[in-house]
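**Q** The following block contains the structure, expressed as structure tokens.
In our numbering, the protein residues as written are 2 to 330.
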């Protein structure tokens, strides 16, 4: 098939990330495989909307628009999907920069017409300049990055990771949009998993669909100093448990926790063993990493239990009306 046109959607919500937003857009403009367009979707922040509109009013490649749905990342992404024109829609975090061949690697994945989604590798940029000694690589998902335990190369996966991902437009025609009530909502509790839930719905709607991660599609994600502390680690792990409960409620525990079972029974025990070995060898942070893994598992499990109880009473809602049929806003 011919090379697909790719629209890039960047969801933004705070002026505190102004320089990061500009850097993210610049990294899209520098791609070796040019984007069709870049859409900045502003999440219920009129001041930021006005400022970005002025910043890019002379740009033919950048469009600035307001989130047309409820507050939160999922509705912002749905707004971008509805307004975009590309055959493929890629998503980039507002505090990340993409390497030059990021979109090229995505485009290569869509040479196979069965491929409905392609994700990439997200590397942390630590505010302190280096990874905290106690912070286990197995838990890099806590700070929105690719974690130890994911397979290398271009591989088939259950789900892509939302801050560095792309979908064929027809994927949304088949499965609808991102679920609201699962993902992030501004500065509230750091929930996630909206892309996991969508990917599972997609493969149910299209059993022949192939979802890939290509670790050559690299972005670099800023980790602020506040997220380098154990308090945030625990908060995010608990929120992940809450999110996983919503996903399991929506799509069933078998699919919703399929990858997590391997992660908790193989990847994490190996990480604990490495941490304890490093501690015995007097290497910095070994005991801390082992302890953090155990604490992270227990905290996420607690969140899952609480989330399961809550999910029985409510559950996720879905914002799909604005993208039915792939129409443009």
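All C-beta atoms, glycine included, are put in the ideal place defined by N, C-alpha and C. Everything numeric in this text was worked out from a predicted model, so none of it was measured.
Which value, in whole angstroms, describes the spacing of the CA atoms of residue 37 and residue 112?
**A** Their backbone Cα atoms lie some 18 Å apart in a straight line.
**Q** Apart from the five residues on each side of it in sequence, which residues of its chain come closer than 8 Å, Cβ to Cβ, to residue 7?
**A** Excluding residues within five positions, the ones whose Cβ falls inside 8 Å are 34, 36, 37, 87, 88, 89, 90, 91, 104, 107, 108 and 167.
**Q** State yes or no: is the C-beta of residue 233 within less than 8 Å of the C-beta of residue 304?
**A** In this structure, residue 304 does not lie closer than 8 Å to residue 233 by Cβ.
**Q** Check whether the region 120 to 140 touches the region 288 to 306, taking contact to mean three or more Cβ pairs, one atom from each stretch, closer than 8 Å.
**A** Short answer: they touch.
**Q** Between 196, 98, 180 and 137, which has its C-alpha nearest residue 20's C-alpha?
**A** Among 196, 98, 180 and 137, the Cα nearest to that of residue 20 is on 98.
**Q** Residue ranges of each alpha helix (DSSP H) run of no fewer than 4 residues wholly in the region 208 to 274, ordered along the chain?
**A** Segments of the alpha helix (DSSP H) lying fully in the region 208 to 274: 231 to 252, 254 to 257 and 259 to 263.
**Q** So residue 268 packs on residue 139, CB below 8 Å; how close in whole Å?
**A** About 6 Å separates the two Cβ atoms, so the contact holds.
**Q** Which same chain residues end up closer than 6 Å to residue 1 when comparing Cβ atoms and leaving out the 5 residues on each side of it in sequence?
**A** Summary: the structure shown does not reach residue 1, with the chain confined to residues 2 through 330, and so no result is reported for it.
**Q** Once you ignore the five residues that flank residue 100 on each side, which residues in its own chain have a CB closer than 6 Å to its CB?
**A** For residue 100, where only same-chain residues beyond five positions count, the Cβ hits under 6 Å are 219.
**Q** Below 8 Å, can you find three or more Cβ-Cβ pairs linking the region 145 to 152 to the region 66 to 84?
**A** Verdict: no, contact absent.
**Q** In this structure, does DSSP put residue 4 in helix, strand or coil?
**A** Here residue 4 sits in coil by DSSP.
**Q** Could I get the ranges of all uninterrupted alpha helix (DSSP H) runs contained in the region 107 to 186, with 4 residues as the minimum, in chain order?
**A** Those alpha helix (DSSP H) runs which fall completely within the region 107 to 186 and span 4+ residues are 170 to 176.
**Q** Please name the residue in 204, 40, 221 and 115 whose C-alpha comes closest to that of residue 164.
**A** Nearest of 204, 40, 221 and 115 to residue 164, Cα basis: 221.
**Q** Using 8 Å as the threshold, is the C-beta distance between residue 307 and residue 243 below it?
**A** Contact: yes.
**Q** Here's a check: name, in chain order, each residue in its chain whose Cβ is nearer than 8 Å to the Cβ of residue 301, leaving out the five neighbours to either side.
**A** So the qualifying residues of the chain are 238, 239, 241, 242 and 245.
**Q** Using only alpha-carbon positions, find the residue among 84, 141 and 14 that is nearest to residue 52.
**A** Among 84, 141 and 14, the Cα nearest to that of residue 52 belongs to 14.
**Q** Going by C-alpha to C-alpha distance, which of 205, 4 and 95 sits closest to residue 29?
**A** The shortest C-alpha separation from residue 29 is found at 95.
**Q** Based on Cα-Cα distance, which residue from 298, 39 and 235 lies nearest to residue 266?
**A** Measuring from the Cα of residue 266, the nearest candidate turns out to be 298.
**Q** Per DSSP, residue 39 is paired with what?
**A** Residue 39 is bridged to 9 and 63.
**Q** Any idea what DSSP makes of residue 31, helix, strand or coil?
**A** Correct three-state label for residue 31: coil.
**Q** Quickly, what does DSSP pair residue 93 with across the bridge? List them, please.
**A** Looking at the DSSP assignment, residue 93 forms a beta bridge with 165.
**Q** What does a CB cutoff of less than 7 Å around residue 3 pick up in its chain, not counting 5 residues either side in sequence?
**A** Cβ within range, chain order: n/a, list empty.
**Q** If we count the other Cβ atoms within 10 Å of its Cβ and call it buried at 16 or more, is residue 285 buried or exposed?
**A** Flag for residue 285 reads exposed.
**Q** Could you tell me the distance, in whole angstroms, from the CA atom of residue 281 to the CA atom of residue 273?
**A** Going from the Cα of residue 281 to the Cα of residue 273 covers about 12 Å.
**Q** Suppose you measure from the CA of residue 205 to the CA of residue 177; what does that come to, to the nearest Å?
**A** Cα to Cα, residue 205 sits roughly 12 Å from residue 177.
**Q** Does DSSP classify residue 313 as helix, strand or coil?
**A** If DSSP states are grouped into helix, strand and coil, residue 313 belongs with the helices.
**Q** Please tell me whether residue 181 and residue 81 are closer than 8 Å, where the distance is taken between their beta carbons.
**A** No, they are not a contact pair.
**Q** Given that a residue counts as buried once 16 or more other Cβ atoms are within 10 Å of its Cβ, and exposed if not, what is residue 215?
**A** Buried is the call here.
**Q** In terms of DSSP beta bridges, what is residue 98 paired with?
**A** 221, per the DSSP bridge assignment.
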